[in-house]
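Going by this note's numbering, the sequence shown wraps up at 189, each residue one higher than the last. Note that beta-carbon positions come from the ideal geometry of N, C-alpha and C, so glycine has one too. Predicted model only: the values in this text are computed from it and were never measured. Following: one structure in structure tokens, then a few remarks.
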Amino acid sequence: MTATRSLRDFSFSDCLRDELRREQIAVESAPLVMELIHTTPTIDLYSQVLSRWYRVVSAIQPGADRALGVVAPEMGWLERDLAELGKTPCARWTESPDFTLAESLGYRFAIESQHLRSRVILPVLRHALGGVTSAFRFFGAHGGQTASWRSVVGRIDELDTGSRRDVLVGARATLVALDCALSG
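Following this line, the structure appears as structure tokens:
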């Protein structure tokens with residue numbers, strides 16, 4: 006006998022993952038990501054990927070941080086990694102939009118999802134570039150731990166149903182921006 010799950014057995018974050026599958030696949034198959042995974046990465050390619058990530062994170066994270074009342078580590082990780090690679094990131098945005106709490110949780114959901122996926126890329130980077138740099142803070146996010154991911158998912162699942170659309174909007178906008186940055 007096979008067990009079937011009813012819709013009530015799925016959390017909102019489960020549904021969110023399904024709803025965002027197309028955007029997640031687009032980011033994972035963006036040209037720069039594919040080049041990073043399927044060729045021997047160079048410092049220049051790695052720097053370019055980090056710079057493109059920085060463009061998106063520096064535009065969105067300040068507004069999300071304000072809404073969530075925290076300072077997320079991604080901008081700092083990216084700035085330190087780029088500095089160690091001898092690169093200066095684009096200037097931080099002087100003004101960033103304000104986001105709702107739910108939109109900000111959507112942003113965090115997208116970013117934390119990408120951190121989980123970076124576990125596949127990190128060994129490739131370390132193998133290819135480990136003798137040249139140790140600038141892997143961003144791709145080694147949270148030391149491979151999932152507490153931050155679980156915290157975001159928990160907060161999302163606690164939201165009232167009226168806020169769920171905003172979570173989806175924030176997550177989808179983040180993933181689309183990442184896809185554009187990593188594809189262009």
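Using CA coordinates, which residue listed in F141, G68, V137, E117 is at the minimum distance from P128?
Position 123 of the sequence shown, counted from the first residue, corresponds to residue 128. Ranking F141, G68, V137, E117 by CA distance to the CA of P128 puts F141 first.
Compute the Euclidean distance between the alpha carbons of S52 and A178, then round it to the nearest angstrom.
In the sequence shown, residue 52 corresponds to position 47, counting from 1. In the sequence shown, residue 178 corresponds to position 173, counting from 1. Between S52 and A178, the C-alpha separation is close to 24 Å.
Considering only the beta carbon of each residue, do G175 and G111 sit closer than 8 Å?
Locating residue 175 in the sequence shown gives position 170, counting from the first residue. Locating residue 111 in the sequence shown gives position 106, counting from the first residue. Yes; because the gap between Cβ atoms is below 8 Å, this pair is in contact.
Is it the case that the Cβ atoms of L25 and E40 are separated by a distance below 8 Å?
Taking the sequence shown and counting its residues from 1, one reaches residue 25 at position 20. Taking the sequence shown and counting its residues from 1, one reaches residue 40 at position 35. Contact flag unset, no.
Enclosing alpha helix (DSSP H) for T179 [first to last residue]
Counted from its first residue, the sequence shown places residue 179 at position 174. Annotation: the continuous alpha helix (DSSP H) that includes T179 extends over 169-188.
Here's a check: name, in chain order, each residue in its chain whose Cβ is nearer than 8 Å to the Cβ of W82, leaving out the five neighbours to either side.
In the sequence shown, the residue the question calls residue 82 occupies position 77. Around W82: R142, F143, A146.
Distance, G167 Cα to D70 Cα:
Looking up residue 70 in the sequence shown gives position 65. Looking up residue 167 in the sequence shown gives position 162. Near 22 Å, if we compare the C-alpha coordinates of G167 and D70.
Have a look at V32 and D184 and give me their C-alpha separation to the nearest angstrom.
Residue 32 sits at position 27 when you count from the first residue of the sequence shown. Residue 184 sits at position 179 when you count from the first residue of the sequence shown. Rounded to the nearest angstrom, the two C-alpha atoms are 5 Å apart.
Below 7 Å CB to CB, which residues in the same chain sit around P102 once its five sequence neighbours on both sides are set aside?
Taking the sequence shown and counting its residues from 1, the one referred to as residue 102 is at position 97. Around P102: G68.
Note down the Cα distance separating E108 from L173, rounded to an integer number of angstroms.
Taking the first residue of the sequence shown as 1, we reach residue 108 at position 103. Taking the first residue of the sequence shown as 1, we reach residue 173 at position 168. Between the alpha carbons of E108 and L173 lies a distance of about 7 Å.
Determine whether the beta carbon atoms of I42 and I126 lie at a separation below 8 Å.
As a position in the sequence shown, residue 42 is number 37, starting the count at 1. As a position in the sequence shown, residue 126 is number 121, starting the count at 1. Against a cut-off of 8 Å, the Cβ pair of I126 and I42 comes out as a contact.
DSSP three-state label for C20, please.
Indexing the sequence shown from 1 puts residue 20 at position 15. C20 falls in the helix class under three-state DSSP.
So for Q150, helix, strand or coil by DSSP?
One-based indexing of the sequence shown puts residue 150 at position 145. In this structure, Q150 counts as coil in the three-state DSSP scheme.
Can you name the start and end residues of the alpha helix (DSSP H) that P102 belongs to?
Here residue 102 refers to the residue found at position 97 of the sequence shown. In the DSSP assignment, P102 falls outside any alpha helix (DSSP H) and carries neither an H nor an E.
If you draw a straight line from the C-alpha of P78 to the C-alpha of H120, how long is it?
As a first step, residue 78 is located in the sequence shown; it is residue number 73 there, counting from the start. As a first step, residue 120 is located in the sequence shown; it is residue number 115 there, counting from the start. Looking at the two C-alpha atoms, the distance is approximately 12 Å.
Can you tell me whether M6 is helix, strand or coil according to DSSP?
Indexing the sequence shown from 1 puts residue 6 at position 1. Bear in mind that the predicted position of M6 carries a pLDDT of just 47, short of 50, making it too unreliable to give a figure here.
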